[in-house]
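Enquirer: Sharing a structure below in structure tokens format, with a few things to ask.
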Amino acid sequence: MNNAWHPPAETRELRVHRHAHWPPDRPIAAFESKTIFCQGSRFLDEAPRGGHDCTVHDQLEIQSAYCKTGPGATEIKLTPTGRFRNRGRLDVEQGRLRFDMREVAGPAWENAGQVQVRAGAELVLSGGPASQLWIEGDVGIDGRMRVDVDAGALHGIARWRVGQEGRLVFTRASGDAPQSRLFRGVHYNGQALFTGRYEIAHPGLEGYGRLELVDARIDTPAVRNAGTIIIDPGSYLGAESFEQTSQRGTVQLAGELAAPELMLMSGRLATAASGGIFSGALTTLAGGTLEIPVLDAERCATLEVRGPVTLRGGTLAVTLPDGIGPGRWTLLRASTLTGEFKSFTCSPLRGSLSAALSYRGDALELTVSEGQAATRSM
Numbered sequence: 001m002n003n004a005w006h007p008p009a010e011t012r013e014l015r016v017h018r019h020a021h022w023p024p025d026r027p028i029a030a031f032e033s034k035t036i037f038c039q040g041s042r043f044l045d046e047a048p049r050g051g052h053d054c055t056v057h058d059q060l061e062i063q064s065a066y067c068k069t070g071p072g073a074t075e076i077k078l079t080p081t082g083r084f085r086n087r088g089r090l091d092v093e094q095g096r097l098r099f100d101m102r103e104v105a106g107p108a109w110e111n112a113g114q115v116q117v118r119a120g121a122e123l124v125l126s127g128g129p130a131s132q133l134w135i136e137g138d139v140g141i142d143g144r145m146r147v148d149v150d151a152g153a154l155h156g157i158a159r160w161r162v163g164q165e166g167r168l169v170f171t172r173a174s175g176d177a178p179q180s181r182l183f184r185g186v187h188y189n190g191q192a193l194f195t196g197r198y199e200i201a202h203p204g205l206e207g208y209g210r211l212e213l214v215d216a217r218i219d220t221p222a223v224r225n226a227g228t229i230i231i232d233p234g235s236y237l238g239a240e241s242f243e244q245t246s247q248r249g250t251v252q253l254a255g256e257l258a259a260p261e262l263m264l265m266s267g268r269l270a271t272a273a274s275g276g277i278f279s280g281a282l283t284t285l286a287g288g289t290l291e292i293p294v295l296d297a298e299r300c301a302t303l304e305v306r307g308p309v310t311l312r313g314g315t316l317a318v319t320l321p322d323g324i325g326p327g328r329w330t331l332l333r334a335s336t337l338t339g340e341f342k343s344f345t346c347s348p349l350r351g352s353l354s355a356a357l358s359y360r361g362d363a364l365e366l367t368v369s370e371g372q373a374a375t376r377s378m
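Using the UniProt record's numbering, read the sequence shown as starting at 1 and increasing by one per residue.
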């Protein structure tokens, strides 16, 4: 790209059929009229360490390829009349590419093609209180991608794939901001983090990476977890079906998980913080482990089950803080509790302390006392 390439303001539409290069020694650019990079062309953005800055006053459309290279950051600001559409391929190979849409009211950023964020690179979409993002096609993240919706709208039928080294972050304003709707699933083999409200359609959430909800609510038809799901305090994950598909599968629950039924046949369900809530029927089987930490002399991270609990084996693992003495804690509450765990561990126990479980009709209690104690009672 050079100075002579800028279209005059009175040009209504510019169609680019050749390759265009935005070189490192040209830090500033502007699209003042509608500009389309047509099929067969290529827009190469080579940002130096000092970065590139671009302002879009009308519509910038990619029908071919936009390739971001160079170690620096490119900042593309959409004015209130600016729009960005990708109908070809947006490839972030190096550095950082950020779209600032905070001043746009209505449709601001649209993808109907392919988006690829390479390892070591970053793509940031910054929306505003009235901006709308519509994302279809395929989105592959092997680097980092952040979608900040603010109080605006995020919709689309994109297929989201987070690679093993990738990180995808969705952030939304809290409060009464409407939920975003993703009409395809998210496959997380790397890291995916959500804040705000989301509806994620079939096939739902699946992966062997790390999925974290921070002040978030997600509703989805299915979760197939072979990695780690962290539901922080105040967060909610609701699924029509929930399955742990690997012994590596872990749910760290400090908020609420809701599903008609959870068969803990493999992997771990661990409470955290002041405890977690499961809304549905919980069944433990031989390959599953329930982990509950004792926090201090009076509190533990209790699992509250708003439904029945059936224990058909499995392992209960209780962790104690250093120096804890005798005490009594309610580990689990449920509408009904039947059966028992096959194995039970409680550590570390100091000196002559011993631990016992009490299986009640609607609760499971732990007693740590001096001397020998039974491992269970009814």
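Note that beta-carbon positions come from the ideal geometry of N, C-alpha and C, so glycine has one too.
Which of the three DSSP states is assigned to H202 in this structure?
Expert: Here residue 202 refers to the residue found at position 202 of the sequence shown. Looking at H202 - three-state DSSP - the assignment turns out to be coil, as it is neither helix nor strand.
Enquirer: Can you tell me where the beta strand (DSSP E) holding P107 begins and where it ends?
Expert: Taking the first residue of the sequence shown as 1, we reach residue 107 at position 107. G106 to N111 is the span of the beta strand (DSSP E), which, as asked, contains P107.
Enquirer: Hey, how far is the Cα of G51 from the Cα of F31?
Expert: Start at 1 with the first residue of the sequence shown, and residue 51 comes out as number 51. Start at 1 with the first residue of the sequence shown, and residue 31 comes out as number 31. Rounded to the nearest angstrom, the two C-alpha atoms are 17 Å apart.
Enquirer: Who pairs with C54 in a beta bridge, going by DSSP?
Expert: In the sequence shown, the residue the question calls residue 54 occupies position 54. BP columns for C54 point to A29 and I76.
Enquirer: Rank A121, G207 and G323 by C-alpha distance to the C-alpha of residue 388 and give the top, closest one.
Expert: Within the shown structure, residues of the chain are numbered from 1 to 378, placing residue 388 beyond reach of any answer.
Enquirer: When you compare only the Cα positions, how much space is there between S358 and V305?
Expert: Residue 358 sits at position 358 when you count from the first residue of the sequence shown. Residue 305 sits at position 305 when you count from the first residue of the sequence shown. Roughly 17 Å separates the two Cα atoms.
Enquirer: If you draw a straight line from the C-alpha of R299 to the C-alpha of G275, how long is it?
Expert: Within the sequence shown, numbered from 1, the residue matching residue 299 stands at position 299. Within the sequence shown, numbered from 1, the residue matching residue 275 stands at position 275. Cα-Cα distance, rounded: 10 Å.
Enquirer: Would you kindly work out how many angstroms separate the C-alpha atoms of G323 and A272, rounded to a whole number?
Expert: Start at 1 with the first residue of the sequence shown, and residue 323 comes out as number 323. Start at 1 with the first residue of the sequence shown, and residue 272 comes out as number 272. If I take the Cα positions, the gap works out to 20 Å.
Enquirer: May I ask you to report which of helix, strand or coil DSSP gives C346?
Expert: Here residue 346 refers to the residue found at position 346 of the sequence shown. Correct three-state label for C346: strand.
Enquirer: What whole-angstrom Cβ distance do L237 and L257 have, given they're in contact under 8 Å?
Expert: Within the sequence shown, the letter at position 237 stands for residue 237. Within the sequence shown, the letter at position 257 stands for residue 257. That belief holds up - the Cβ atoms of L237 and L257 are roughly 5 Å apart, short of 8 Å.
Enquirer: Sort P27, Q63, V115 and C54 by Cα distance to S41 and report the nearest one.
Expert: As a first step, residue 41 is located in the sequence shown; it is residue number 41 there, counting from the start. That would be Q63, whose Cα lies nearest to the Cα of S41.
Enquirer: For A192, write down the residues that DSSP places opposite it in a beta bridge.
Expert: As a working note, residue 192 is residue 192 in the sequence shown. Answer is L168 and L211.
Enquirer: Going along the chain, which residues of its own chain have a beta-carbon closer than 7 Å to the beta-carbon of S279, five neighbours each way excluded?
Expert: For the purposes of this step, residue 279 is taken as the residue at position 279 of the sequence shown. Closer than 7 Å at Cβ, skipping near neighbours: E256, A258, R306 and G307.
Enquirer: According to the neighbour-count rule (16 or more other Cβ atoms, all chains shown, within 10 Å of its Cβ), is T195 buried or exposed?
Expert: Position 195 of the sequence shown, counted from the first residue, corresponds to residue 195. So T195 counts as buried.
Enquirer: Can you say whether residue 388 is buried or exposed, counting buried as having 16 or more other CB atoms within 10 angstroms of its CB?
Expert: The question about residue 388 has no answer here: the residues shown for the chain are numbered 1 through 378.
Enquirer: State yes or no: is the C-beta of R167 within less than 8 Å of the C-beta of G140?
Expert: Counting from 1 along the sequence shown, the entry for residue 167 is found at position 167. Counting from 1 along the sequence shown, the entry for residue 140 is found at position 140. Contact flag unset, no.
Enquirer: Let me make sure I understand the geometry here. Which of E75, I157 and L364 has the alpha-carbon closest to that of L311?
Expert: For the purposes of this step, residue 311 is taken as residue 311 along the sequence shown, with counting starting at 1. Comparing Cα positions, the closest option is L364.
Enquirer: State the Cα-Cα distance for the pair T345 and G339, rounded to the nearest angstrom.
Expert: Taking the first residue of the sequence shown as 1, we reach residue 345 at position 345. Taking the first residue of the sequence shown as 1, we reach residue 339 at position 339. Distance between the alpha carbons of T345 and G339 is about 17 Å.
Enquirer: Within 10 Å of its beta-carbon, does H17 have 16 or more other beta-carbons around it, so buried, or fewer, so exposed?
Expert: Within the sequence shown, numbered from 1, the residue matching residue 17 stands at position 17. The residue in question, H17, is exposed, as its Cβ has fewer than 16 Cβ neighbours within 10 Å.
Enquirer: Considering only the beta carbon of each residue, do V124 and R159 sit closer than 8 Å?
Expert: Along the sequence shown, read from residue 1 onward, the residue named residue 124 stands at position 124. Along the sequence shown, read from residue 1 onward, the residue named residue 159 stands at position 159. It is not a contact, given that the beta carbons lie outside the stated cut-off.
Enquirer: Strictly by DSSP, which residues pair up with L364?
Expert: Numbered from 1 along the sequence shown, position 364 holds the residue referred to as residue 364. According to DSSP, which records beta bridges pairwise, L364 is partnered with L332 and Y359.
Enquirer: Threshold first: 3 residues or longer. Then list the beta strand (DSSP E) segments lying entirely within the segment 241-310, N to C.
Expert: Runs of the beta strand (DSSP E) inside the segment 241-310: 250-253, 256-264, 267-271, 275-284, 288-293 and 302-305.
Enquirer: According to the Cβ coordinates, are G190 and G204 closer than 8 Å?
Expert: Within the sequence shown, the letter at position 190 stands for residue 190. Within the sequence shown, the letter at position 204 stands for residue 204. Going by C-beta atoms, G190 is not nearer than 8 Å to G204.
Enquirer: Span of the beta strand (DSSP E) holding S126?
Expert: Translated into positions along the sequence shown, residue 126 becomes position 126. Unbroken beta strand (DSSP E) run through S126: E122 to S126.
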